[in-house]
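Notes follow the structure.
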Amino acid sequence: MTLENVLLVSAILFGIGLYGALAKRNAIMVLMSIEIMFNAVNVAAIAFSRFTVPAGLTETPLTVTQEAVQRAVTGQMLSVFVISAAAAEVALGLALVIVVYRRRHSVEITDMTLMKG
Amino acid sequence: MSGVEGSTLTDVAFWVVSILAIGAAVMVVTLRDIFRAALFLALSLLAVAGMFVLLRAEFIAVVQVLVYVGAISILIVFAIVLVRDIPGGGRENHLYIPAATIAALVAAMAIFVAFKTDFTDLDRLEADNDLVAYAMTETYNLGDGSEVVLPETTRGGTEEGVFSNTTGTIGGLFIRDFVLPFEAVSVLLLAAMIASLALLRQRGQAS
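Which chain is which? The protein sequence lines are Z and V, in order.
If you're matching positions, the first sequence starts at 0 in numbering that gives the first Met the number 0 and goes up one per residue.
If you're matching positions, the second sequence starts at 0 in numbering that gives the first Met the number 0 and goes up one per residue.
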């Protein structure tokens with residue numbers, strides 16, 4: 000398990016999610032694909048947090064202060080905020096899908112042409 | 000987890016979890032039945048939580064299971080049940096070939112960058128440096144105990160590394176360095192909750 004391998008998995012997951020978000024007709028499928036992309040980003044952030052060295056820590060001997068430990072988990076902090084934003088996004092997105100379904104009886108993105116000129 | 004045995008075990012676990020996550024994600028975007036796709040999404044998210052555990056982010060793994068597997072998956076299943084639109088299923092639109100091309104290009108670019116960049120790798124730095132230096136450190140020691148020789152103070156029992164107490168460190172960071180983003184996220188969640196309720200309120204319904 001090296002940084003490169005984890006980033007490989009993250010990139011593949013991101014590609015799968017991007018394909019789903021671009022190619023799917025169903026709005027719920029698009030939301031699910033976006034969740035996969037969020038997850039890929041989280042995996043990358045936590046992999047960087049785990050494997051790379053925080054700035055100012057490269058000198059020897061490698062004494063670690065509390066500040067350095069805090070800097071090392073910054074990637075995990077980022078993913079906490081990403082998860083929160085994803086939760087807000089999916090709640091609002093599904094509410095919008097249900098509103099659209101009530102009005103037009105369809106959740107196909109290709110049918111959502113309300114703002115077409 | 001010590002020595003070569005621990006690291007190969009971690010490697011095997013990592014590849015199992017990775018294949019599970021990628022395979023379930025592929026099922027999500029290829030299945031026609033949207034309900035089954037939602038279940039495979041939950042499986043993929045669970046596998047990613049396992050990957051977080053392997054990456055020494057136990058707190059994030061727990062948050063992942065609680066928020067993604069526990070809440071978001073259930074929310075999506077609820078939405079699918081409310082919006083029963085089976086003929087629409089998981090069909091692709093007519094632009095799926097360009098979409099696949101773009102996705103493959105973006106993934107290939109990310110993989111290329113990941114393998115070509117020379118990151119300052121923590122494990123490699125530890126391997127290159129003289130490990131005797133660790134014995135002099137008293138407070139913490141850099142490393143998670145699985146790949147390096149630990150100093151006398153931390154060899155037996157508890158693992159004292161950078162990632163030994165991530166939950167406590169994260170909690171401290173939330174109320175100190177990241178207090179502004181933390182408050183902003185709470186306002187964001189409140190706004191999303193109120194907006195969802197306002198959107199879904201039936202017109203003409205008594206409040």
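Using N, Cα and C, we set each Cβ at its ideal position, and we do this for glycine too.
Taking the alpha carbon of Val16 of chain V as the point to measure from, which residue in V:Val28, V:Leu53 and V:Ala41 has its own alpha carbon closest? V:Leu53
Relative to the C-alpha of Ala85 of chain Z, which residue among V:Ala197, V:Leu187, V:Ile193 and V:Arg200 is closest? V:Leu187
Identify, in the order they occur along the chain, each residue of the same chain with its Cβ nearer than 7 Å to the Cβ of Gly16 of chain Z, setting aside the five sequence neighbours on each side. Ser32, Ile33, Ile35, Met36 and Ala39
Per-residue contacts from Lys115 of chain Z into chain V (C-beta, under 9 Å): What Lys115 of chain Z touches in chain V: nothing, since even the nearest Cβ is about 16 Å away.
Three-state secondary structure assigned by DSSP to Lys23 of chain Z: strand
DSSP three-state call for Thr51 of chain Z: helix, strand or coil? strand
Just to confirm my understanding: we take Arg90 of chain V, look at its own chain, exclude 5 residues before and 5 after, and list those with CB closer than 6 Å. What are they? none
May I have the straight-line CA-CA distance separating Leu6 of chain Z from Asp10 of chain V, to the nearest angstrom? 14 Å
Just to make sure I have the definition right: I need the residues of chain A whose C-beta is within less than 7 Å of the C-beta of Val42 of chain Z. Which are they? In the displayed structure, chain A is absent; the protein chains listed are Z and V.
Could you list which residues in chain Z have their beta carbon closer than 8 Å to that of Asp10 of chain V, in chain order? Met0
Closer than 8 Å, Cβ to Cβ, to anything on chain V: give me those residues from the stretch 76-103 of chain Z, in chain order. Met76, Ser78, Val79, Phe80, Ile82, Ser83, Ala84, Ala85, Ala86, Ala87, Glu88, Val89, Ala90, Leu91, Leu93, Ala94, Leu95, Val96, Ile97, Val98 and Tyr100
Start-to-end residues for the alpha helix (DSSP H) that takes in Lys115 of chain V: Tyr95 to Lys115
Alpha carbon to alpha carbon, how far is Asn25 of chain Z from Val28 of chain V? 11 Å
Between Ala23 of chain V and the rest of its own chain, which residues show a CB-CB distance below 6 Å, the 5 nearest in sequence each way excluded? Phe39, Leu42 and Ser43
Can you name the start and end residues of the alpha helix (DSSP H) that Leu196 of chain V belongs to? Val178 to Leu199
Decide if Tyr133 of chain V is buried, meaning its Cβ has at least 16 other Cβ atoms within 10 Å, or exposed. Annotation note: pLDDT 40 at Tyr133 of chain V (below 50); position unreliable, coordinate value reported separately. When all chains shown are included, Tyr133 of chain V counts as buried.
Euclidean distance between Cα positions of Asp176 of chain V and Phe51 of chain V: 23 Å
Which residue's Cα is closest to the Cα of Asn41 of chain Z: V:Ile59, V:Ile33 and V:Ala36? V:Ile59
Against chain Z: residues of the stretch 175-191 of chain V by CB proximity under 8 Å: Asp176, Phe177, Pro180, Val184, Leu187, Leu188, Ala190 and Ala191
Where Arg70 of chain Z and Arg102 of chain Z are concerned, what is the direct C-alpha to C-alpha distance, given to the nearest angstrom? 49 Å
Counterpart residues of Glu107 of chain Z in DSSP-defined beta bridges: Z:Asn25
Chain Z within 7 Å of Val62 of chain V, Cβ atoms only: yes
Give a yes or no on whether 7 Å exceeds the smallest Cβ distance from Leu130 of chain V to chain Z. Since pLDDT at Leu130 of chain V reaches only 38, below the 50 mark, its modelled position is unreliable, and the value read off the structure follows with that caveat. No, Leu130 of chain V lies away from the interface with chain Z (no Cβ there is under 7 Å from its Cβ).
Between the beta-carbon of Phe13 of chain V and the beta-carbon of Leu2 of chain Z, is there less than 7 Å? no
Spell out whether any CB of chain V is found under 7 Å from the CB atom of Ile24 of chain Z. Note on identity: in this sequence residue 24 of chain Z is Arg, with Ile being the wrong assignment. At least one chain V Cβ lies under 7 Å of Arg24 of chain Z.
Kindly give me the distance between the Cβ atoms of Ile193 of chain V and Val72 of chain Z, rounded to whole angstroms, as I take these residues to be in contact under 8 Å. Not quite, the Cβ-Cβ distance comes to about 32 Å (not below 8 Å), so this is no contact.
Using a Cβ cut-off of 7 Å, which residues of the stretch 34-46 of chain V contact any Cβ in chain Z, in chain order? Ala36, Ala37, Leu40, Ser43 and Leu44
Taking Cβ-Cβ distances shorter than 7 Å, what residues in chain Z pair up with Lys110 of chain V? Looking at the sequence itself, residue 110 of chain V is Ile, so the reference to Lys does not match. By Cβ distance, chain Z contributes Leu7 and Ala10.
Would you mind stating whether Ala90 of chain Z and Ala191 of chain V have Cβ atoms separated by less than 7 Å? yes
Against chain V, does Val106 of chain Z count as a neighbour if the rule is that its beta carbon must be under 7 Å from one of theirs? yes
List, in chain order, every chain V residue whose beta-carbon is nearer than 9 Å to that of Val29 of chain Z. In chain order: nothing, as chain V lies at least about 10 Å away.
Can you give the Cα-Cα distance for Ile79 of chain V and Lys115 of chain V, rounded to whole angstroms? 42 Å
Can you check whether the C-beta of Glu91 of chain V is within less than 7 Å of a C-beta belonging to chain Z? yes
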